[in-house]
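Read in order, the letters of the sequence shown are residues 27 to 227 in this note's numbering. Quick reminder that beta carbons are idealized off the backbone N, C-alpha and C, glycines included.
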Amino acid sequence: TRAWMDHFHAMAFGNRLWVVPLHIDPPEPQAVNLRLDPGLAFGTGTHPTTSLCLRWLDSNITDQTTLLDYGCGSGILAIAACMLGVKQADGVDIDPQALSATQDNAEVNQVSKQIHCYLPEEYNKQHADTQYDIVMANILSGPLAELAPTLATHCRSGGDIVLSGILEEQAHNVLDAYAEYFSMDAPVVDGDWVLLHGCRK
Numbered sequence: 027t028r029a030w031m032d033h034f035h036a037m038a039f040g041n042r043l044w045v046v047p048l049h050i051d052p053p054e055p056q057a058v059n060l061r062l063d064p065g066l067a068f069g070t071g072t073h074p075t076t077s078l079c080l081r082w083l084d085s086n087i088t089d090q091t092t093l094l095d096y097g098c099g100s101g102i103l104a105i106a107a108c109m110l111g112v113k114q115a116d117g118v119d120i121d122p123q124a125l126s127a128t129q130d131n132a133e134v135n136q137v138s139k140q141i142h143c144y145l146p147e148e149y150n151k152q153h154a155d156t157q158y159d160i161v162m163a164n165i166l167s168g169p170l171a172e173l174a175p176t177l178a179t180h181c182r183s184g185g186d187i188v189l190s191g192i193l194e195e196q197a198h199n200v201l202d203a204y205a206e207y208f209s210m211d212a213p214v215v216d217g218d219w220v221l222l223h224g225c226r227k
C-alpha cells in the first residue's frame, strides 16, 4: 500500500535543499531539489534524525569532496551531499533493498555515477583504508558506539563526523565512544533526538 505517499510532501532543509516526492512538482524550481520515491527503505526526510542530517549538509558542505554514508537506507543523505557539491559518496547498509533503493534514487537525481553502495563485508574488503572528508551515520545509538573505531578510521584528519539516530538521553554514551578520536561539539537537539558533530583529531 502506498497510501501514506499522499502525506509525504515537499520539505525544505536549510537554505538550498528541498526533498520533493516524485509525484509532485518542486515548489522552488531554483532550489536543490532531491526527488524521492522512498520505496521500502528508511529515510524520507520526515524523521527528525534525517532532517537534522539534511540540515547539517545544507549548512556545511562547501569544498568537501568525499562522504561515507554508513547505514544509507534510501540514500537520501549521500544523494543530498552529492547534489550540494560532494564529488563522490559511498553508501553502506546491511539491507540489500536499501542498496537498490539508494541506486534507484541516485539515478532519479542524476548522481548515480558519484554514488557507490556496498554491503558491510564487501565494503570492508574494498575500502579498508579509504578515508573521507565527511563520515555520516544515522543509525541507532548502540551500533554507533560500537562503530566508533571503524568510523574514525574512515575519517581523514580534520574531517567531519556527523552522527544521528540518537535519543537525547543516549547522547553521552555516543559522545564518550567518539571523544578519543574526535573533538566533539555540543549536541544539536530536535525534540527527543540529537545530532552529534565532531572533527577528527
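Going straight from the alpha carbon of residue i to that of residue j, what length do you get?
i: Cys181; j: Thr91; result: 13 Å
i: Arg81; j: Gly40; result: 5 Å
i: Val200; j: Leu94; result: 19 Å
i: Val134; j: Gly101; result: 12 Å
i: Asn131; j: Asp116; result: 14 Å
i: Asp202; j: Ser209; result: 11 Å
i: His198; j: Pro175; result: 17 Å
i: Trp30; j: Gln129; result: Reliability of the predicted coordinates at Trp30 is poor, the pLDDT of 48 falling under 50, and no value is obtained from them.
i: Asn59; j: Pro213; result: 28 Å
i: Tyr110; j: Glu195; result: According to the sequence as given, residue 110 is Leu; it is not Tyr. C-alpha separation (whole angstroms): 32 Å.
i: Leu53; j: His35; result: In the sequence under discussion, the amino acid at residue 53 is Pro, which differs from the Leu named in the question. If I take the Cα positions, the gap works out to 10 Å.
i: Ala106; j: Asn150; result: 24 Å
i: Thr72; j: Ser138; result: 23 Å
i: Trp136; j: Ala127; result: Note on residue identity: the sequence assigns Gln, not Trp, to residue 136. Cα to Cα, the separation comes out at about 14 Å.
Report all residues from its chain with a CB closer than 6 Å to the CB of residue i; omit the five preceding and five following residues, and keep chain order.
i: Ala178; result: Tyr207
i: Val161; result: Leu94, Leu177, His180, Cys181, Ile187
i: Gly217; result: Pro74
i: Gly185; result: Asp159, Arg226
Who pairs with residue i in a beta bridge, going by DSSP?
i: Ala115; result: Leu93, Ile141
i: Cys225; result: Asp186, Ser209
i: Leu62; result: Pro47
i: Ile192; result: Val220
So, residue i versus residue j, is the Cβ gap smaller than 9 Å?
i: Cys79; j: Leu221; result: yes
i: Gly224; j: Asp211; result: yes
i: Ile114; j: His142; result: The identity of residue 114 in the sequence shown is Gln, whereas the question assumes Ile. Yes, these two residues count as a Cβ contact at 9 Å.
i: Leu62; j: Leu48; result: yes
Output needed for residue i: all residues of its chain with C-beta closer than 7 Å, excluding positions within five of it in sequence on either side, in chain order.
i: Ala38; result: Trp44
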